[in-house]
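Chemist: To start, I am sharing the structure in question, which I have written as structure tokens.
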Amino acid sequence: MATTQARGVIFIHSAPRALCPHLEWAVGRALGRAVSFDWADQPVLAGSRRAEFYWEGAAGTGAALATAIRGWEHLRFEVSEDPTPRSDGGRWLHTPGLGIHYAQTDSAGNVVIGEDRIRYAMDIARGDAAELQRELQIALGAAWDEELEPFRHAGDAAPVVWLHKVG
């Protein structure tokens with residue numbers, strides 16, 4: 024039986040300049056071939072770099088890629104793996120302060136929360152709506168998305184506007 028091929032994207036949102044070649048090496052090792060990223064300055068964090076890399080590999084490669092690059096300090100990244108007819112999609116988010124978060128995704132890229140995780144959230148909440156909301160936010164990776172959002176929008180020469188007080 025042939026191995027199901029998957030594809031996805033690695034977004035290095037911020038990495039110290041000295042770490043960039045090490046990330047390319049780690050990704051290349053996980054993919055089984057040499058890779059070269061097109062690095063650009065990350066305007067949100069002075070002295071850091073950003074890159075996007077589209078990959079193809081066997082289903083499950085997204086997890087291998089996230090594992091290969093997750094141990095470094097000061098690194099913000101996300102790895103996505105599109106679903107295939109035989110496998111679920113996935114999304115791995117990492118920030119220095121929060122660590123790594125994994126979520127299953129559907130064919131449109133939406134996060135899918137499994138039945139067991141929802142039951143766990145309901146058990147923890149015990150009828151407290153605020154606690155249920157907190158648990159579901161954790162399951163969705165909301166804190167990771169919130170921290171990564173400014174870094175996502177800083178690409179492609181988009182200006183970064185910091186709002187310190189709204190309202």
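First residue of the sequence shown? That's 24 in our numbering, and the numbers climb one at a time after it. Each residue gets a CB set at the ideal place from its N, CA and C atoms; glycine is no exception. Computed from a prediction, not measured in an experiment: that's the story for all the values here.
For G132 versus E104, is the C-beta distance shorter than 8 Å?
Modeler: Taking the first residue of the sequence shown as position 1, residue 132 is located at position 109. Taking the first residue of the sequence shown as position 1, residue 104 is located at position 81. Not in contact: G132 and E104 (Cβ atoms no closer than 8 Å).
Chemist: Rounded to a whole number of angstroms, what is the C-alpha to C-alpha distance between F34 and P173?
Modeler: As a working note, residue 34 is residue 11 in the sequence shown. As a working note, residue 173 is residue 150 in the sequence shown. Rounded to whole angstroms, F34 to P173 spans 13 Å at the Cα level.
Chemist: Could you tell me which residues DSSP puts in a beta bridge with Q127?
Modeler: The residue given as residue 127 occupies position 104 in the sequence shown. Its beta-bridge partners are G113 and V135.
Chemist: Among all the DSSP beta bridges, which residues are the ones paired with S37?
Modeler: Here residue 37 refers to the residue found at position 14 when the sequence shown is read from its first residue. Beta-bridge pairing links S37 to R99.
Chemist: Among P44, P119 and S110, which has the Cα closest to the Cα of E101?
Modeler: Residue mapping note: residue 101 aligns to position 78 of the sequence shown, counting from 1. It is P119 whose Cα lies nearest to the Cα of E101.
Chemist: Report the partner residues of D64 according to the DSSP bridge assignment.
Modeler: Residue mapping note: residue 64 aligns to position 41 of the sequence shown, counting from 1. D64 pairs with R72.
Chemist: Which two residues bound the contiguous alpha helix (DSSP H) that contains P106?
Modeler: Taking the first residue of the sequence shown as 1, we reach residue 106 at position 83. Run containing P106: none; DSSP gives neither H nor E here.
Chemist: Quickly, what does DSSP pair R30 with across the bridge? List them, please.
Modeler: Mapped onto the sequence shown, residue 30 falls at position 7. Partner(s): E79.
Chemist: Decide yes or no for the touch test of the region 86-94 against the region 105-112: beta carbon pairs closer than 8 Å, at least 3 of them.
Modeler: No, the region 86-94 is not in contact with the region 105-112.
Chemist: Return the bridge partner residues of G122 from the DSSP annotation.
Modeler: Reading the sequence shown from its first residue, position 99 is the one you call residue 122. Paired residue(s): T118.
Chemist: Where does the unbroken alpha helix (DSSP H) through V58 begin, and where does it stop?
Modeler: If you number the sequence shown from 1, residue 58 lands on position 35. No alpha helix (DSSP H) holds V58; DSSP gives it neither H nor E.
Chemist: In whole angstroms, what separates the C-alpha of L88 from that of A148?
Modeler: Sequence index remark: in the sequence shown, residue 88 carries index 65 (1-based). Sequence index remark: in the sequence shown, residue 148 carries index 125 (1-based). About 34 Å.
Chemist: Going by alpha carbons, who is nearest to A74 out of D61, L98, R99 and V67?
Modeler: Residue numbering aside, residue 74 sits at position 51 when the sequence shown is read from its first letter. The shortest C-alpha separation from A74 is found at D61.
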